[in-house]
Amino acid sequence: MSFLHPLLLLGLPLIALPIIIHLINQRRYQTIQWGAMMFLLAANRMSRGYSRLRQWLIMAMRMLAIAGLIFAVSRPLASGWLGLTAGGRPDTTIVLLDRSPSMQQSGAGVTQSKLDAARRQLAQTLSMLDPGRLVLIENTTRAPIELESPDGLTQSASTESVSASSDLPAMLGAAHDYIQANQSGRTEIWICSDLRENDWNSDSGRWQTLRETFSEFPQGVRFYLLAYPQTPESNLTLRVTDVRRQATDEGADLLVSLRLAREGGAQTTQTVPIQFEIDGARSQLSVELSGAEFTLKEHRIPIDKTRQRGWGRVSIPADANLADNQYYFVFDQPAPRKTIVIADEPQSAQPLRLAAAVSTDPKTPATADAVDVEQLASVEWDQVALVLWQAPLPEGDAAQTIQTFVDRGGRVVFFPPRNPTPAELYGVHWESWVNSPEEVPVDNWRGDQDLLAQTQSGAALAVGKLEIRSYCKLAGELTSLATLRGGAPLLARAPSNQGGVYFCATTPAASDSSLANNGVVLYVLIQRAITEGASVLGTTRQLVAGEAAKDDTTTWHGLAAPDGALSTEYAFQQGAYEEGERLLAVNRSAAEDQAPVLVDQRVADLFRGLDFSRVDDTAGGASSLVQEIWRIFLIAMIAALILEAVLCLSRPVRATGGTA
Amino acid sequence: MFPDHKPRSFLDATALARLASVPFFARQPMLGNVSGRHASPHRGSSVEFAEYRKYVPGDDLRRLDWRAYGRTDRFYVKEFEADTNLRLCVVLDTSGSMNFGSGGVTKIEYGRRLAASLGYLALEQGDAVGLACVAKGIVRNIPPRRNPAHLSTIFDVLEETRPSGETQLAEVLHEIAETVAQRALVVIISDLFVEPNILESSLQHLRFRRHDVAAFHLLDPAEVTFNFRRPMRFVDLEGGPAIFAEPNEIADRYFKALDEYLTRLREVMLASAVDYHRVSIDESFEQVLMRFLIGRTKASGVR
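In the order they appear, the protein sequences are chains L and V. Counting the first sequence from 1 gives a position; the numbering used here is that position plus 1129. Counting the second sequence from 1 gives a position; the numbering used here is that position plus 16.
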């Protein structure tokens, strides 16, 4: 139990008042000359039982009444989780509000979401507790916003739900910076979250730093975690995995691939109506969901032939979480698939150019130009999707050009030169060639993702059938996508910001490998790289909410933005937007779907050594976090007084010695 | 009434004048020396016929009833009741506890009034009056006399006596029962703060000695109501240890003890045929005495 006016508790010694009065009264005795001593002596000899008990009871009731009064005026608060806030009111209260899509989950049987519950509870609690300076740090901009009153938590647009995930360590970092910059005194940090792992990044090394820096504050920082860890009984999440516009003989089709996932234990077969909305035109498709996941591949939706580009939305009916029931996408004509081939050897250059120049879609032209290293500067990089480099690793200006190209989203695949040089790019360099007397088979490869992933029909690529006769060893930190027997990588990805740099340890030359003869793997590999590289060239972009925050969203124009979304927050709100010529679709991150909830012990570990208390609330819970309970004490006081009066009145009937 | 014209604080002339109109009777035959108002166990020469008795030689011939002889031819002696005076022995408790009085009048003062008035009334109708002031023992003892001047001595003793010492009423009453000649009226004026069981034997002793015993039990209203508010230190008037008590706390047990004592005392008094009067000292003594005298009038003539 804590108190709003703990100073008044200093009056608690007043409880001893009845005892003191009793003692003073005893000191103020009167002396009387008395004759009838025999009755007094007899009375003293008698058992005191009830009489003595009654005296003590009366005394206790009086003390109880005073205690009740003192406690009542100290304005006690119910629920002990606030702990000993008796230290007085804080100088600053910082609210870290996680308004990620998972916080939109509503409680069982109620429509109130976790976020709404958290805002209401916080506003109610803080307005009761006198928070001092109130600062809000929410998960999108993480900029401290000073609120005038706790009511701002329920009224401010900065506390509404967004589609961006949270980054709790970064938010705590922002709180830390705020405390440091403002030299605030005793600070309380209230964290409202549903404890999703993707929001908390509990494995991040930043937590260790945060623990250390917060414990260094001399004024003391107290953490309160208002947690909503409940997972829904049943919740469907919808995610569009791919959208393509394909021209047909009659007109055009939109090929939509999507994934429907079910969270929760229910495994019954369920019919889910999926609604597609493309530029305002709606169509519906009902699917049977029997397992935990349903995947729809390339659902064809006919569109107007003249419509080259546009936006769309896929939605399912409302369920436990409203934030993951729709997905926005934008489509456009495919960007030109242009490839630059830089090759020392013609026998390598030819297969590469062929593999790059044949488009997967006959309606989309693909070109592959062979250029020399010296001609790099004259290339129109704005239209290039892929660079195939079979030459010594670039140095100087050439390396700079390639890096710029990769940073803007382009893809590069390096093949080994016949004579490796010590030049290094992305921390990787070629070592020496290994000529094996017999063919080296491919031991394993990543079939689940990246360039060698299985086909959309689920069949594996025939990587195992490749015959590698000689390969060049790689040195540096690489993520291997395919590994030869003996452990040397065949295809590896180098670390870079955009993740678009690949190294292939052999060349398509017939003397080195069967990449060219067994052309499927090389073709798929290169086409996939082109597709990825071309995806950033088009005038449409699929963005993950929050990750495009650096863009200036004021020029964005909402095509299908949620009601009430601020234009400054477009980058954090799912929807379809238009920026000049570009079409943008913003959606929640993939990690937001089915993210696990942190276990209690893990949360406690994250705050180990800090002043931390946690309470679990539920969305739609009617009870307030803290309640004023002075009425109970007042009632107790009145009850004590009444009981005292009754005890005082109930003296035994006096034995009246009537005179004869 | 005041031979030396000295006013006595315990005498109220007008009250005495009113009380004198009611005769003061004994409840049983008394043995006196002279003729008086009270019945005697012996035959005598009053006007009230008692019985005929056969003549036996030696009887005074003058008392032979000749008319009876004329009718029956037998000798009868006609006998009459004898009237005699009584000896009133007032036993006044002068122990320390008698010095208590919450309403201005102490018990001893009230006892003086009762004793003096009774003495006056008795002497007025020719009875002999004696006084015994008792505490731990008999402090002062004046044997009964009929002489009107004797009253002055009694008043003097009453005036001089001071309450002090313990109450040893039972032993004192035994002594008085033996020393006072048989068939006297013994009036005990006391607060009777003695265990009733101890008192019982001495009262039975008095009864055995054919004394007519009356008792005025003096109680102060404060002792009955016990309505103190503040904690009190009760100092024993008879020199015992003081008791510190919280009246609120002890009151119920005090009343219980008082109640038990009064009930038992009344039983003892009834069993010992004592004319028992419980007197609250805020009552008018005149009314108390009037009640006492009238009660005796009704009971008169008992032999």
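C-beta atoms are modelled at their ideal positions from N, C-alpha and C, and glycine is treated no differently. On a predicted model such as this, the values are computed, not experimentally measured, just so you know.
Meets three-Cβ-pair contact criterion under 8 Å: the segment 270-287 of chain V and the segment 110-130 of chain V: no
Inter-residue CB distance, V173 of chain V and V202 of chain V (contact presumed, cutoff 8 Å): Incorrect: roughly 17 Å between the Cβ atoms, too far for contact.
Cutoff 7 Å; reference V1592 of chain L; Cβ partners in own chain excluding five residues on either side: V1571, W1574, L1581, A1611 and V1650
Among L:V1443, L:T1608 and L:F1632, the one whose alpha carbon lies nearest that of A1520 of chain L: L:F1632
P1523 of chain L burial status per 10 Å Cβ neighbour count (16 or more: buried): buried
Neighbouring residues, chain L, relative to A261 of chain V (Cβ below 7 Å): L1169
Beta-carbon proximity check, L309 of chain V vs P45 of chain V, cutoff 9 Å: no
Partners in chain V for A1189 of chain L, counting only beta-carbon separations shorter than 9 Å: Under the 9 Å cutoff, chain V gives no residues; its nearest Cβ is about 15 Å from A1189 of chain L.
Within-9 Å CB hit, E302 of chain V to chain L: no
Simplified DSSP state of A1390 of chain L, which is helix, strand or coil: strand
Rounded distance between the beta-carbons of L1712 of chain L and T1669 of chain L, thought under 8 Å: 4 Å
Pairwise C-alpha distance: T1222 of chain L and W1319 of chain L: 7 Å
For D207 of chain V, the first and last residue of its enclosing alpha helix (DSSP H): Segment: none, D207 of chain V is in no alpha helix (DSSP H) and carries neither H nor E.
Opposing strand residues paired with S1642 of chain L [DSSP bridges]: L:I1597
Cβ-based neighbour list, W1803 of chain L, same chain, cut-off 6 Å, excluding 5 preceding and 5 following: No statement about residue 1803 of chain L is possible, as the shown extent of chain L runs from 1130 to 1789 and does not include it.
Nonlocal neighbours in the same chain, by C-beta distance under 7 Å from E67 of chain V, ignoring five residues either side: E95
Range covered by the beta strand (DSSP E) that runs through H1558 of chain L: H1558 to V1569
Minimum Cβ-Cβ distance from Y270 of chain V to chain L less than 9 Å: yes
Straight-line Cα distance separating P1298 of chain L from S1648 of chain L: Note that residue 1648 of chain L corresponds to Gly in the displayed sequence, not to Ser. Spanning the two alpha carbons is a distance of roughly 47 Å.
N-terminal and C-terminal residue of the beta strand (DSSP E) that K94 of chain V is part of: Y92 to T100
Buried versus exposed call for I1764 of chain L [16 or more other C-beta atoms within 10 Å across all chains shown]: exposed
Cβ-based contacts, 8 Å cut-off: residues of the segment 1154-1168 of chain L near chain V: N1154, Q1155, R1157, Y1158, Q1159, T1160, I1161, Q1162, W1163, G1164, A1165, M1166, M1167 and F1168
Chain-ordered neighbours of A1172 of chain L on chain V, where CB pairs are closer than 7 Å: I266, R269, Y270 and A273
Sequence-distant residues of the same chain with beta carbon closer than 8 Å to L1169 of chain L, five excluded per side: W1163
Alpha-carbon spacing of S1313 of chain L relative to Q1253 of chain L, whole angstroms: 23 Å
Test: L1213 of chain L CB closer than 9 Å to a CB of chain V: Per-residue confidence for L1213 of chain L stands at a pLDDT of 45, beneath the threshold of 50, marking its modelled position as unreliable; the derived number appears in the next sentence. So, not an interface residue.
Under 9 Å between C-beta atoms of Q1241 of chain L and Y1357 of chain L: no
Residue-level contact to chain V via CB, M1175 of chain L, 9 Å cutoff: yes
Close Cβ partners of G1140 of chain L (< 6 Å) along its chain, the five nearest in sequence each way excluded: I1199
Chain L within 9 Å of F126 of chain V, Cβ atoms only: What sits at residue 126 of chain V in the sequence shown is Tyr, not Phe. So, not an interface residue.
Cβ-based burial, R90 of chain V [other Cβ within 10 Å; buried from 16]: exposed
Proximal chain L residues relative to F209 of chain V, where beta-carbon distance stays under 8 Å: G1164, A1165, M1166 and M1167
Rounded separation between R69 of chain V and E239 of chain V - CA only: 57 Å
Rounded C-alpha distance that separates I1149 of chain L from L32 of chain V: 56 Å
CB contact flag (V1563 of chain L, C1601 of chain L, <9 Å): yes
Beta-carbon proximity check, Q1702 of chain L vs S1292 of chain L, cutoff 9 Å: yes
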